[in-house]
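Residue numbers for the sequence shown follow numbering that gives the first Met the number 0, beginning at 0 and rising by one.
All residues carry an ideal CB built from backbone N, CA and C; glycine is no exception.
Step one of this worksheet: look at the structure below.
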Amino acid sequence: MNDAPLYPGATLGVLGGGQLGAMFAAAALRMGYRVAVWDPDSDAPAHRVAGLSFTKSFSDAIAAQEFTRSVSAVTLEWENVPAALCEQLAERHPVRPSGAVLRVIQDRIEQKQFLQARGFPVPSFRIVEAPHRLADAVNELGGSVICKTATSGYDGKGQWTIRHPAETAGVEAALGAMVPRGARWIVESRVNFERELSVLVVRGQDGDQRVYPVVENRHEGGILRLSTAPARIAGVVSEQARDLAMRAVRALNGVGVFCVELFHTRTGALLINEIAPRPHNSGHYTLDACSVSQFEQQVRALCGLPLGEVRLLSAAAMVNVIGQDLEAVTSSQGCRDLLATPGAVLHLYGKRVARPGRKMGHVTFLADQAEQAEARASLFEKSLRS
């Protein structure tokens, strides 16, 4: 396999065709590359901007051969693509991040154990390998906990909050109803956090790293609703968060764009919640507020090119457009009001069905100060609820 840099004109493959894949493709096309998207959903947004589209199952051997012949390097937009496929593709082409990194990250238990074994701070957790053992884990941790599927969960899916032991039986029944052979769950102590933070880290094949400003996030129902950049935290906390994120990605030997999600506790500690091996929703502000976006960085890291600067040109607040929010944004008055707001930048993903909890787009509000951007974002959120 040739690890020489890939220059404009090469064809880049991306596994997954959601909005992250579409934004990656847009960045690659702007830089002169061709893009091949593989996603079994023929209606996935990235297919509409790709030069080549593959819509067979990820397990289709013929599709894998055709995809391999069509591309010069491969990345991903979703951590739940098969790690075995990434390892197969890596026999012929650079795959960044690697299948080995994916195997650690796509299983919450493996990820937590990897981090804990290397001395990284994580919430207290227990492993549950059968539904009837859930009560033991809850009792051992004490207090309020969150039970999560070890694999495949995202945006609050596959998660149950247990605030009192009496609620354990109901969750146990839910686990029993869904259990496939070999299923596992992780039970974590709920963290009494002051704020949720995230840090985008870009790492090249040569070990060079770039770190974006720390972002503060707010979730609703397990789905990101608001991100503010930069986070309004003390400088020492920002430096600690950036250092922790860089060390975690270095420990993984990851190449590409990673988002390290953190809890900043009320005692001042920082705990790693999860790591995403791809561009992240909380980094969408980089499209409008930074000189080089997270998606261009993904192209650069994949192609073995110099990483870009991470300069923040403007404070920003990003609000997700979720489910039926789309109606308010696309109505005549709602659209006019939004676009009349100074610094508002609208991004819609082109998804045809607005299901509850589905991310349909986002709006970034730019301003000189984070407080001003956040105030505009708050007014927009209120309009969605009215």
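Beta-carbon to beta-carbon, G141 and W77 are separated by about 35 Å, too far to satisfy the 8 Å threshold. Judged by DSSP in its simplified three-state form, V214 adopts strand.
A residue is called buried when at least 16 other Cβ atoms come within 10 angstroms of its Cβ; M177 does not meet this threshold and is exposed.
Short of 8 Å from the beta carbon of R95, and not among the five residues preceding or following it, lie these beta carbons of its own chain, in chain order: A72, V73, T74, Q204, V254, G255, A300, L301. Around the C-beta of G181, fewer than 16 other C-beta atoms lie within 10 Å, and the residue is accordingly described as exposed. Three or more Cβ pairs closer than 8 Å define a contact, and the stretch 183-191 falls short of that threshold against the stretch 208-224.
Ranked by Cα distance from S151, the options R183, H163, A173, V170 are led by R183. Taking the C-beta atoms as reference points, R209 is found nearer than 7 Å to L306.
The beta-bridge partner set that DSSP reports for G175 is empty. Around G333, the same chain offers A327 as residues with beta carbons nearer than 6 Å, after the five sequence neighbours per side are excluded. In this structure, S237 sits away from V214, with a CB-CB distance that is not shorter than 7 Å. Here the alpha carbons of E219 and S382 stand approximately 16 Å from one another.
DSSP, reduced to helix, strand and coil, places G255 within a strand of the structure shown.
When the Cα atoms are used, E370 and D336 turn out to be separated by approximately 20 Å. Along the stretch 301-366, the alpha helix (DSSP H) occurs as fully enclosed runs of 4 or more residues at 324-329, 331-338, listed in sequence order.
Distance from the Cα of L243 is smallest, within the candidate group T67, L199, I161, for L199. Going by DSSP, T74 is part of the beta strand (DSSP E) stretching over 72-75. Secondary structure at A25: helix, using DSSP grouped into helix, strand and coil. For A228, there is no enclosing alpha helix (DSSP H); the residue is part of the beta strand (DSSP E) that begins and ends at 222-228. Secondary-structure assignment with DSSP links V94 through a beta bridge to V73.
Residue environment: R125 is assigned as buried (16 or more neighbouring CB atoms within 10 Å of its CB, all protein chains considered). Nearest C-alpha to K156 among A60, I145, H279: I145. Within a 10 Å sphere around the beta-carbon of Y6 sit fewer than 16 other beta-carbons, which makes this residue exposed. Annotation: A372 to L196 spans about 17 Å, alpha carbon to alpha carbon.
Straight-line spacing of the CA atoms in R310 and A43 works out to 31 Å. Put simply, the backbone Cα of G349 is about 34 Å away from that of L174. The alpha-carbon separation between V186 and R162 amounts to approximately 12 Å.
7 Å or more divides the Cβ of V344 from the Cβ of T329. Collapsing the DSSP output to three states places D242 in a helix.
According to DSSP, residue pairing for R231 in a beta bridge does not occur.
Scanning its chain for C-beta atoms nearer than 6 Å, with the 5 sequence neighbours on each side dropped, one finds around G360 the residues V320, H346, L347, Y348, in chain order. The stretch 29-41 makes contact with the stretch 57-72; the number of CB pairs closer than 8 Å reaches 3 or more. DSSP places A275 within a strand segment (E or B) once states are collapsed to three. For the stretch 17-69, the full-length beta strand (DSSP E) segments reaching 3 residues or more read 33-37, 51-53 along the chain. Bridge partners of F262 according to DSSP: E195, L270. Distances from the alpha-carbon of K111 to those of V259, E295, R265, R277 put V259 closest.
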